[in-house]
Each structure stands twice: as structure tokens, then as C-alpha cells.
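If you want the working numbering, it's the position in the sequence shown, counting the first as 1, plus 65.
Ideal placement from N, C-alpha and C gives every residue a C-beta, glycine not left out.
Here's the structure we're looking at; comments come further down.
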Amino acid sequence: MATSAAALTSPKPFEDPLAYLPTSTVRAYKKEQVIYSPEQNSESIYLVLAGKVKVYRIADDGHQILVDIYRTDDLFGDSALIGSLKGREKAVALEPDTGIMAWSASEIETLMTQRPQLSIALLQLMANRCIYLGWRIESFSTDKIERRLAQTLIYFSQRFGRALEDGTIQMMPLTHELLAQYVGTSRESITYYMNLFRRHGRLSYSRAGIVVYPDAIKQSLGQRSRKAD
66 MATSAAALTS PKPFEDPLAY LPTSTVRAYK KEQVIYSPEQ NSESIYLVLA
116 GKVKVYRIAD DGHQILVDIY RTDDLFGDSA LIGSLKGREK AVALEPDTGI
166 MAWSASEIET LMTQRPQLSI ALLQLMANRC IYLGWRIESF STDKIERRLA
216 QTLIYFSQRF GRALEDGTIQ MMPLTHELLA QYVGTSRESI TYYMNLFRRH
266 GRLSYSRAGI VVYPDAIKQS LGQRSRKAD
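Listed below in C-alpha cells is the structure:
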């Protein structure tokens with residue numbers, strides 16, 4: 066996601082909301098344990114202390130779209146501040162021993178009054194995410210599945226990957242179902258393109274993880290962009 070990475074880069078340093086939040090009770094979750102859902106409405110903002118959390122948006126027909134995966138020191142559940150998404154979101158622990166802190170919306174509002182810099186930090190965070198989500202909406206409407214998947218792999222490798230000496234990036238395993246929920250397609254389509262990418266030397270994968278060859282993926286994206294022109 067070269068475009069989204071650029072959109073999320075600012076010459077002005079962001080305020081860190083964690084610098085203005087007090088400690089809270091730590092809650093532990095097992096892998097695939099639901100943190101909140103339409104059946105378990107949340108009015109809190111959460112901080113990932115350990116592990117990873119996947120957050121879904123729920124459509125009217127019950128279809129789930131993966132909004133993003135959040136890692137250590139990421140905040141999620143910020144829609145609780147406006148309350149407009151009750152019954153529309155679901156958060157699930159992606160890894161074993163996921164640790165979470167939470168603050169109620171009313172606690173956050175009180176803290177924002179007491180600590181104005183927290184308000185600035187949260188505004189910057191939300192604006193940054195709006196830029197990113199705007200890019201994703203554009204991608205859904207203009208890009209084909211192959212390109213969206215390639216951009217998704219670049220994005221997740223940048224967020225969760227570890228650079229190896231040969232220039233490749235190794236990250237945790239992601240199921241084809243999870244990738245499909247993020248890209249907005251079927252699991253079968255993701256399997257087809259993942260196999261295609263592997264044959265073309267853009268990645269390798271197994272149950273142990275995914276190794277992305279970013280130069281090969283970015284080159285393929287550039288070539289397809291020029292062909293489209």
C-alpha cells in the first residue's frame with residue numbers, strides 16, 4: 066500500500082495519546098475470543114498491550130469487513146466517542162494471551178477536558194485513520210482484486226513484518242479467509258492470487274508465516290499501473 070503509507074506520513078509529529086492516558090485494569094483474552102460485538106455493545110476505547118486484535122464492520126446483511134488489525138500500543142474502538150456504530154462493530158483477539166486496557170467514553174471525555182493535549186492526539190489519530198479509510202474506499206472502487214491483495218500484503222508486512230537480510234519481509238501467518246475479509250472478496254479468490262503471487266516470485270507462505278518480496282510486488286504494481294494508463 067504505497068499510496069496509503071504515504072497518506073499516513075506527516076511532516077509534523079503526532080501527539081501520542083498514550084502519554085495522556087492513565088493506567089487501567091488489564092484484561093486478558095484468548096485467541097478468537099470476542100472483545101465486543103453487536104450482541105455485546107461497547108462504550109469504551111481500548112489499548113492493545115500485547116498480542117493483536119482484529120476489528121470488523123458489520124453490514125446490514127451481516128457481512129463482515131475487516132477494518133484493520135491492531136497491534137501493541139494501538140488504540141481501537143474510538144467510535145464509542147460518538148456512539149454511531151453501536152451494533153455495527155466487532156473486535157476479536159487474533160493471538161493467544163492478548164492483553165487489553167479500556168477506558169469508558171465518559172472517562173475519555175473527562176480526561177480530554179483535563180488534558181487538552183489528549184484531545185489533539187485523538188483528533189490526529191482519527192484524522193489519520195480517515196485518510197487511510199478514504200484511500201481504501203477509493204481502492205475498492207477502482208482496483209481489481211489482484212492489486213488490492215498486493216497492496217494489502219505490502220501494508221501488513223510494513224505494520225507487522227520483520228525485515229530479513231535478503232530484503233524480504235517475514236510476518237505472521239494470515240489465513241486466506243482473513244485476507245478475503247480485508248480485500249473484500251472470496252476466500253477462493255485470495256487462494257488463487259496467493260498461489261499466483263508465489264509462482265511469480267512475489268511471496269512465499271506456509272502455516273508458519275508469510276514472506277513478502279516487496280520489490281517484486283511493488284514492481285508488479287507499477288507495471289500494471291502503467292499498462293492501465
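Please determine if the region 150–159 and the region 175–191 are in contact, where contact requires at least 3 C-beta pairs separated by less than 8 Å. no
Give the single residue among I196, T250, T163 and G142 whose Cα lies nearest to the Cα of Y111. Taking the sequence shown and counting its residues from 1, one reaches residue 111 at position 46. It is G142 whose Cα lies nearest to the Cα of Y111.
Tell me, please, whether the region 231–249 touches the region 124–135 by the rule of three or more beta-carbon pairs shorter than 8 Å. yes
Residues that DSSP places opposite K155 in a beta bridge: In the sequence shown, counting from the first residue as 1, residue 155 sits at position 90. In the DSSP output, where bridge partners are listed per residue, K155 has Y121.
Look at P161 and K96 and say whether their C-beta atoms are less than 9 Å apart. Here residue 161 is taken as the residue at index 96 of the sequence shown, counted from 1. Here residue 96 is taken as the residue at index 31 of the sequence shown, counted from 1. A contact, by the Cβ cut-off of 9 Å.
Quick one: what's got a C-beta closer than 6 Å to R291's C-beta in the same chain, skipping five residues either side? Indexing the sequence shown from 1 puts residue 291 at position 226. Confidence at R291 is low in this model, with a pLDDT of 39, below 50, so its placement is unreliable and no value can be given for it.
Alpha helix (DSSP H) segment containing A245, residue limits: For the purposes of this step, residue 245 is taken as residue 180 along the sequence shown, with counting starting at 1. Under the DSSP assignment, A245 falls in the alpha helix (DSSP H) whose first and last residues are H241 to V248.
For V91, count neighbouring Cβ atoms within 10 angstroms of its own Cβ and tell me buried if that reaches 16, exposed if not. In the sequence shown, the residue the question calls residue 91 occupies position 26. With fewer than 16 Cβ atoms within 10 Å of its Cβ, V91 is classed as exposed.
Among E172, E104 and D126, nearest to L146 - alpha-carbon criterion: Along the sequence shown, one-based indexing puts residue 146 at 81. Ranking E172, E104 and D126 by Cα distance to L146 puts E172 first.
If you reduce the DSSP assignment to three classes, tell me which class T163 lands in. For this step, residue 163 is matched to residue 98 along the sequence shown. T163: strand per DSSP, three-state reduction.
Tell me the DSSP secondary structure of D231 in three-state form. As a position in the sequence shown, residue 231 is number 166, starting the count at 1. Three-state result, D231: coil.
With three or more C-beta pairs closer than 8 Å as the rule, is the region 270–287 touching the region 219–238? yes
From this set, Q216, A158, V157 and V99, which residue's C-alpha is nearest Y197's C-alpha? Looking up residue 197 in the sequence shown gives position 132. Answer by Cα proximity: Q216.
Determine the burial state of R227: buried for a count of at least 16 other Cβ atoms within 10 Å of its Cβ, exposed for fewer. What you label residue 227 is simply residue 162 of the sequence shown in a count that begins at 1. Result: exposed.
Measure how close the beta-carbons of E108 and A170 come, nearest whole angstrom, since I'm counting them as under 8 Å. The sequence position of residue 108 within the sequence shown is 43, counting from 1. The sequence position of residue 170 within the sequence shown is 105, counting from 1. Contact flag correct, Cβ pair sits at about 5 Å.
From the DSSP output, which residues share a beta bridge with V23? This structure gives no information on residue 23, because the portion of the chain shown stretches from 66 to 294.
What does the Cβ neighbour count give for F262, buried or exposed, with the cut at 16 atoms within 10 Å? Along the sequence shown, one-based indexing puts residue 262 at 197. The residue in question, F262, is buried, as its Cβ has 16 or more Cβ neighbours within 10 Å.
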